[in-house]
Amino acid sequence: MPPTELNSKEIDKFFGSNSKLFNEIYDYLNHQKIDNKEFIAKFSKWKKLFNHIYDIGDFSKLFIKQTYYILIVKGIYVYKYNKINAKKKESDPNSKYKTFYQLFQSEELSGNQIREFEYYNWTSLNENCLKLLFDILNNYSYNTSTIFHLLYEGIFSNQTRHFMGEFYTPSKLVKKMIDYNYHIGDKVLDPSCGSGNFLIGIILKIINSENPNLIKIKAIKNIYGFDINPLAIYTVKIHILIILLNKLADFPIKIIENNFLMLNSLSCETIEVVKNQNLEKLYDSFDLIIGNPPWLTYKDADESLRKRLKEISAKFNIKPAANNITNIEEAVVFLYYLPYLFLKKTNNSNVAFVMPKSILVSSHNQKARTFNIFKKVEIHTFDNSMFNIDFCCLIASMKDPRHENEETMFKTYPIKCKVFNSESMKILEEYTLEPYVYFRKSDSSQFLVKKLIKSELKKDLLPSFLSDYYDEFIQGADLLPKSLLYVEILDKQKNQELCVIDPWISPQAKGKWKKKYYSNERVECKHLFKATLSRGLYPFYICPYDIFLPLNKYLEYNLSDLGIFARKHWDLIAEIYKRLSGNDLFSRGINYRNKLCKKKTVREEQRKPYKVVFPNAKTLMSAVIEDHKGKVFLDSTLYYYGTENKREAYYLCGMLNIRNLFKSVKLISDTRHHHKRPLYFNIPKFQGTDQQLKIASLAKECTNIVANYISSVNSPRVSQIWKITQEKRKSITNIGLPILKSVEGINILKI
Numbered sequence: 017m018p019p020t021e022l023n024s025k026e027i028d029k030f031f032g033s034n035s036k037l038f039n040e041i042y043d044y045l046n047h048q049k050i051d052n053k054e055f056i057a058k059f060s061k062w063k064k065l066f067n068h069i070y071d072i073g074d075f076s077k078l079f080i081k082q083t084y085y086i087l088i089v090k091g092i093y094v095y096k097y098n099k100i101n102a103k104k105k106e107s108d109p110n111s112k113y114k115t116f117y118q119l120f121q122s123e124e125l126s127g128n129q130i131r132e133f134e135y136y137n138w139t140s141l142n143e144n145c146l147k148l149l150f151d152i153l154n155n156y157s158y159n160t161s162t163i164f165h166l167l168y169e170g171i172f173s174n175q176t177r178h179f180m181g182e183f184y185t186p187s188k189l190v191k192k193m194i195d196y197n198y199h200i201g202d203k204v205l206d207p208s209c210g211s212g213n214f215l216i217g218i219i220l221k222i223i224n225s226e227n228p229n230l231i232k233i234k235a236i237k238n239i240y241g242f243d244i245n246p247l248a249i250y251t252v253k254i255h256i257l258i259i260l261l262n263k264l265a266d267f268p269i270k271i272i273e274n275n276f277l278m279l280n281s282l283s284c285e286t287i288e289v290v291k292n293q294n295l296e297k298l299y300d301s302f303d304l305i306i307g308n309p310p311w312l313t314y315k316d317a318d319e320s321l322r323k324r325l326k327e328i329s330a331k332f333n334i335k336p337a338a339n340n341i342t343n344i345e346e347a348v349v350f351l352y353y354l355p356y357l358f359l360k361k362t363n364n365s366n367v368a369f370v371m372p373k374s375i376l377v378s379s380h381n382q383k384a385r386t387f388n389i390f391k392k393v394e395i396h397t398f399d400n401s402m403f404n405i406d407f408c409c410l411i412a413s414m415k416d417p418r419h420e421n422e423e424t425m426f427k428t429y430p431i432k433c434k435v436f437n438s439e440s441m442k443i444l445e446e447y448t449l450e451p452y453v454y455f456r457k458s459d460s461s462q463f464l465v466k467k468l469i470k471s472e473l474k475k476d477l478l479p480s481f482l483s484d485y486y487d488e489f490i491q492g493a494d495l496l497p498k499s500l501l502y503v504e505i506l507d508k509q510k511n512q513e514l515c516v517i518d519p520w521i522s523p524q525a526k527g528k529w530k531k532k533y534y535s536n537e538r539v540e541c542k543h544l545f546k547a548t549l550s551r552g553l554y555p556f557y558i559c560p561y562d563i564f565l566p567l568n569k570y571l572e573y574n575l576s577d578l579g580i581f582a583r584k585h586w587d588l589i590a591e592i593y594k595r596l597s598g599n600d601l602f603s604r605g606i607n608y609r610n611k612l613c614k615k616k617t618v619r620e621e622q623r624k625p626y627k628v629v630f631p632n633a634k635t636l637m638s639a640v641i642e643d644h645k646g647k648v649f650l651d652s653t654l655y656y657y658g659t660e661n662k663r664e665a666y667y668l669c670g671m672l673n674i675r676n677l678f679k680s681v682k683l684i685s686d687t688r689h690h691h692k693r694p695l696y697f698n699i700p701k702f703q704g705t706d707q708q709l710k711i712a713s714l715a716k717e718c719t720n721i722v723a724n725y726i727s728s729v730n731s732p733r734v735s736q737i738w739k740i741t742q743e744k745r746k747s748i749t750n751i752g753l754p755i756l757k758s759v760e761g762i763n764i765l766k767i
């Protein structure tokens with residue numbers, strides 16, 4: 017009866033961190049390290065070289081764990097080596113064990129000569145530990161292509177691997193990428209090879225081919241892998257040794273040492289043990305760079321990596337704006353830097369990476385999405401995610417840098433996109449993607465690609481043409497936290513001079529700001545104002561909320577002008593905010609970036625008698641706030657434009673409520689937030705034309721209709737508002753839509 021094959025559960029049972037074998041060997045190694053000069057020397061060297069890549073407190077425990085892993089992997093190799101090279105099948109278990117023991121302790125065995133083993137050869141296993149290991153290996157069969165990655169994942173926590181940006185790539189995705197991109201004989205590099213899924217897959221494809229052995233050996237000599245993690249490189253080398261022992265015994269083993277290197281791919285600096293390796297001879301020499309680069313962001317990186325990420329992203333003009341620096345992705349830097357260094361600059365050389373899907377959608381990658389050094393870009397997506405993070409596969413060739421210019425950049429798009437079934441890997445859909453428009457700040461500045469859409473959908477867009485109002489609309493003030501500032505008025509006292517208030521708690525409030533920090537407070541009514549929230553916005557109408565603000569009658573921030581009760585209340589909520597956030601309530605919570613006040617006086621735009629608003633997210637709709645006292649303030653959930661001209665305000669309100677405009681805005685928005693995208697379309701400056709005046713008049717009529725409706729119901733519904741204004745809106749659309757379409761769309765918006 018054949019031995020039972022080890023599955024993932026049994027691998028964890030026999031080898032994992034809760035196994036009898038692990039506990040036995042771990043205790044043994046902990047005992048061995050006591051007063052062990054060899055341990056002290058090896059551990060000190062290991063810690064000096066690798067402490068920056070591991071996010072862990074007790075490095076001694078991690079080093080012992082890694083030593084355990086190395087010895088287990090070595091034991092598996094020794095067992096396989098013995099089994100393959102035995103001259104005759106030994107039936108006596110004691111004899112088999114004796115040979116296993118001798119080989120394990122041998123200095124001549126190639127597994128002991130791997131460079132990375134030098135960090136962990138401070139001890140060996142005693143006979144008791146080796147016997148436990150041997151009995152498991154002798155009583156079960158196992159597939160080495162499975163056991164190594166499961167061991168690797170099981171011994172080291174997700175936290176440790178994810179700190180390095182390391183995510184295991186499912187075998188079916190590895191096979192699909194290899195079959196799609198690799199041709200036998202290609203010189204191929206995985207620059208962040210991990211435990212070797214891509215490299216092993218390629219080698220198995222070569223070995224299982226019908227080519228003669230000489231062709232196979234030549235093809236395997238063209239396989240290279242880099243990784244910063246010594247365990248990863250050791251695992252790859254041992255794994256390849258086992259495969260070659262099985263399939264190609266005459267393969268020159270030295271190639272394994274020279275082709276699979278422990279190095280930092282972003283600095284191209286080899287770790288101390290391989291210092292003499294000349295990497296420059298590998299530049300511009302590869303046909304294929306393939307793999308799953310680290311999914312690490314700047315904010316999670318150490319200082320040296322942060323510095324390198326900024327340097328490389330600046331070199332390739334993919335560095336995000338200052339407010340997005342912390343979102344630089346190591347995978348994106350890999351995508352640009354490694355092909356630039358190592359890929360042949362020919363039509364037939366490709367990079368094929370598993371990438372976070374943020375490369376296609378996130379604002380911090382809008383420079384990277386120009387793909388300015390690539391051509392023949394192709395994207396593969398899947399109907400179900402195989403990771404906790406959305407991902408895609410990106411395939412591209414390098415451009416010839418001698419012929420690179422703005423014109424060639426525009427030829428990058430449209431790019432092919434294929435959608436695959438994540439189980440069968442069959443193609444479900446094919447289409448092309450392209451920017452709906454390019455962006456740049458000036459004629460000399462770099463192009464940006466904000467959103468990719470299906471090419472077939474471009475025809476459904478209104479013409480792209482920056483509105484005359486783009487710079488005029490600004491975002492409202494933060495006015496945070498709502499639970500300290502927004503109020504419910506419970507009562508009025510002393511001839512309406514005092515108000516009794518409770519905090520208003522938003523249904524979306526979270527954590528500490530969901531709590532009520534005061535109750536039945538009294539404040540002077542003159543310090544209560546109105547403020548907006550997008551949740552109070554309806555088509556053509558907005559319901560403002562009550563808010564307490566430390567402003568005097570001149571709308572100035574001056575605490576000495578506050579009434580007695582208002583000052584007491586302000587001191588209370590300011591102290592609460594300081595205690596919970598460590599910040600000043602006015603400068604950080606209310607007036608961050610001076611969006612409410614300039615020089616401590618409410619800014620002019622907030623005090624205009626007519627303010628046109630639209631939300632920064634979700635459904636596009638607009639309303640006019642008529643505020644002749646200048647005491648209704650706009651919050652950051654809205655963009656607004658202040659004007660003295662009532663007709664201008666209602667003209668803009670009418671244009672922004674055209675449903676065709678919302679459809680285009682929705683199509684070009686990255687997420688549910690659209691920010692100022694409604695102004696990427698032709699809404700011309702108000703000139704008092706007959707058309708503009710008619711739109712203004714109709715919008716004012718819609719406002720009156722909606723105001724009457726909202727005053728008559730407890731829970732207004734947007735769908736009902738669209739219905740009761742349908743005829744008026746149809747007239748607005750009949751006039752406004754031709755205005756939106758009256759320009760020829762442009763390919764570049766300068767903002």
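Residue numbers (our numbering): 17 to 767.
In this text, a Cβ means the ideal position worked out from N, Cα and C, and glycines have one as well.
- Message: Suppose only complete runs of 4+ residues qualify. What are the alpha helix (DSSP H) ranges in the segment 361-424, listed by chain order?
- Response: Runs of the alpha helix (DSSP H) inside the segment 361-424: 374-377.
- Task: Kindly list the residues whose CB is nearer than 7 Å to the CB of residue 1, restricted to its own chain and excluding five residues on each side of it in sequence; keep chain order.
- Result: Nothing about residue 1 can be read from this structure; the chain reaches only from 17 to 767.
- Task: For residue 472, count neighbouring C-beta atoms within 10 Å of its own C-beta (all shown protein chains included) and say buried if the count is 16 or more, exposed if not.
- Result: The residue labelled residue 472 in the question sits at position 456 within the sequence shown. Residue 472 comes out exposed.
- Item | Enclosing beta strand (DSSP E) for residue 641 [first to last residue] | As a first step, residue 641 must be located in the sequence shown, where it is residue number 625. Note, residue 641: beta strand (DSSP E), 639-642.
- Item | Cβ shell of residue 371 (< 8 Å), same chain only, five flanking positions each side left out | Counting from one through the sequence shown, the residue named residue 371 turns up at place 355. Result list for residue 371: 309, 347, 348, 351, 407, 408, 409, 410, in chain order.
- Task: Note the first and the last residue of the continuous alpha helix (DSSP H) segment covering residue 236.
- Result: Numbered from 1 along the sequence shown, position 220 holds the residue referred to as residue 236. Residue 236 -> alpha helix (DSSP H) spans 229-236.
- Which residues share a DSSP beta bridge with residue 241? The residue you call residue 241 lines up with position 225 of the sequence shown. Beta-bridge pairing links residue 241 to 206, 276.
- Query: Leaving out five residues before and five after residue 712 in sequence, what residues of the same chain have Cβ atoms less than 7 Å from its Cβ?
  - Reply: Along the sequence shown, one-based indexing puts residue 712 at 696. The beta carbon of residue 712 sits closer than 7 Å to those of 663, 666, 667, 670, all from its chain and outside the five residues before and after it, given in chain order.
- Are residue 250 and residue 133 touching if we call contact CB-CB under 8 Å? In the sequence shown, residue 250 corresponds to position 234, counting from 1. In the sequence shown, residue 133 corresponds to position 117, counting from 1. Taking 8 Å as the Cβ cut-off, residue 250 and residue 133 qualify as a contacting pair.
- Beta-carbon contacts of residue 24 that lie in its chain and below 7 Å, excluding the five residues immediately before and after: Translated into the one-based positions of the sequence shown, residue 24 becomes position 8. If the five residues before and after residue 24 are omitted, its C-beta is found closer than 7 Å to the C-beta atoms of 166, all from its own chain and listed in chain order.
- Item | residue 432 - partner residues in DSSP beta bridges | By 1-based counting over the sequence shown, the position of residue 432 is 416. 394, 448.
- Residue nearest to residue 94 in terms of C-alpha spacing, selected from 78, 115, 239: Translated into positions along the sequence shown, residue 94 becomes position 78. For residue 94, the nearest C-alpha among the options comes from 115.
- Which residue or residues does DSSP assign as beta-bridge partners of residue 614? In the sequence shown, the residue the question calls residue 614 occupies position 598. Here residue 614 is bridged, per DSSP, to 617.
- Task: Could you give the DSSP three-state label for residue 736: helix, strand or coil?
- Result: Here residue 736 refers to the residue found at position 720 when the sequence shown is read from its first residue. Correct three-state label for residue 736: helix.
- Query: Of all the alpha helix (DSSP H) runs that stay within the bounds of the segment 433-519, which reach a length of 4 or more residues?
  - Reply: Secondary structure remark: continuous alpha helix (DSSP H) runs of at least 4 residues inside the segment 433-519, in chain order: 498-501.
- Buried or exposed for residue 442, please, with buried defined as at least 16 other CB atoms from any protein chain shown within 10 angstroms of its CB. Here residue 442 corresponds to residue number 426 of the sequence shown, with the count starting at 1. Around the CB of residue 442, fewer than 16 other CB atoms lie within 10 Å, so the residue is classed as exposed.
- Query: Whole-angstrom Cβ separation of residue 561 and residue 549, contact assumed at under 8 Å?
  - Reply: As a first step, residue 561 is located in the sequence shown; it is residue number 545 there, counting from the start. As a first step, residue 549 is located in the sequence shown; it is residue number 533 there, counting from the start. With 8 Å as the limit, residue 561 and residue 549 qualify as a contact, their Cβ atoms being about 6 Å apart.
- Message: So within the segment 652-716, which uninterrupted alpha helix (DSSP H) runs reach at least 4 residues, ignoring any that extend past its ends?
- Response: Runs of the alpha helix (DSSP H) inside the segment 652-716: 662-672, 675-684.
- First and last residue of the beta strand (DSSP E) that includes residue 561? Working through the sequence shown from its first residue, we reach residue 561 at position 545. Counting along the chain, the beta strand (DSSP E) containing residue 561 begins and ends at 561-564.
- Message: Rounded to the nearest angstrom, what separates residue 201 and residue 215 at their Cα positions?
- Response: By 1-based counting over the sequence shown, the position of residue 201 is 185. By 1-based counting over the sequence shown, the position of residue 215 is 199. Cα to Cα, residue 201 sits roughly 14 Å from residue 215.
- Is the beta carbon of residue 478 sitting closer than 8 Å to the one on residue 757? The residue you call residue 478 lines up with position 462 of the sequence shown. The residue you call residue 757 lines up with position 741 of the sequence shown. Yes.
- Message: What does the Cβ neighbour count give for residue 752, buried or exposed, with the cut at 16 atoms within 10 Å?
- Response: The residue labelled residue 752 in the question sits at position 736 within the sequence shown. Its Cβ being crowded by 16 or more others within 10 Å, residue 752 is buried.
- Query: How is residue 558 classed by DSSP in three states: helix, strand or coil?
  - Reply: For this step, residue 558 is matched to residue 542 along the sequence shown. If DSSP states are grouped into helix, strand and coil, residue 558 belongs with the strands.
- Task: Below 8 Å on the Cβ atoms is my guess for residue 91 versus residue 208; work out the distance and round it to an integer in Å.
- Result: As a position in the sequence shown, residue 91 is number 75, starting the count at 1. As a position in the sequence shown, residue 208 is number 192, starting the count at 1. With 8 Å as the limit, residue 91 and residue 208 do not qualify as a contact, their Cβ atoms being about 27 Å apart.
- Query: What residues in its chain sit with their C-beta under 7 Å from that of residue 288, if we drop five residues either side in the sequence?
  - Reply: Start at 1 with the first residue of the sequence shown, and residue 288 comes out as number 272. Below a pLDDT of 50, predicted positions are generally treated as unreliable, and residue 288, at 48, falls in that range; no measurement from the model is reported.
- Message: Alpha carbons only, please: which of 344, 304, 648 is nearest the one belonging to residue 311?
- Response: Along the sequence shown, one-based indexing puts residue 311 at 295. Per the Cα distances, 344.
- Query: By Cβ distance below 7 Å, which residues in the same chain neighbour residue 236 in space, the five residues on each side in sequence not counted?
  - Reply: Counting from one through the sequence shown, the residue named residue 236 turns up at place 220. For residue 236, same chain residues with a beta-carbon under 7 Å away, outside a window of 5 residues either side, are 219, 222, 267 in chain order.
- Task: Taking 8 Å as the cut-off, decide whether the C-beta atoms of residue 3 and residue 764 are in contact.
- Result: Residue coverage of the chain in this structure runs from 17 to 767, which leaves residue 3 outside it and unanswerable.
- Query: In the structure shown, what three-state DSSP assignment does residue 729 receive?
  - Reply: Sequence index remark: in the sequence shown, residue 729 carries index 713 (1-based). If DSSP states are grouped into helix, strand and coil, residue 729 belongs with coil.
- Look up residue 141 in the DSSP assignment and say whether it is helix, strand or coil. As a working note, residue 141 is residue 125 in the sequence shown. Residue 141: coil per DSSP, three-state reduction.
- Among all the DSSP beta bridges, which residues are the ones paired with residue 20? Locating residue 20 in the sequence shown gives position 4, where the first residue counts as 1. Residue 20 pairs with 156.
- Query: Where does residue 288 sit, in a helix, a strand or coil, going by DSSP?
  - Reply: What you label residue 288 is simply residue 272 of the sequence shown in a count that begins at 1. Reliability fails at residue 288, whose pLDDT of 48 lies under 50, so the model's placement of it is uncertain and no value is given.
- Message: Relative to the C-alpha of residue 193, which candidate in 366, 22, 168, 245 has its C-alpha closest?
- Response: Residue numbering aside, residue 193 sits at position 177 when the sequence shown is read from its first letter. Out of 366, 22, 168, 245, 366 has the C-alpha closest to the C-alpha of residue 193.
- Message: Could you check if residue 284 belongs to the surroundings of the ligand HEM, using beta carbon to heavy atom distance under 7 Å?
- Response: Only the bare structure without any ligand can be found here, which leaves the ligand HEM out of the picture.
- Chain-order list of residues whose beta-carbon lies under 6 Å from that of residue 434 (same chain, five-residue window excluded): For the purposes of this step, residue 434 is identified with residue 418 of the sequence shown, where counting begins at 1. Here the set comprises 396, 443, 446.
- Taking the alpha helix (DSSP H) that residue 330 falls in, what are its first and last residues? Position 314 of the sequence shown, counting from 1, holds the residue named residue 330. Here the alpha helix (DSSP H) through residue 330 covers 319-331.
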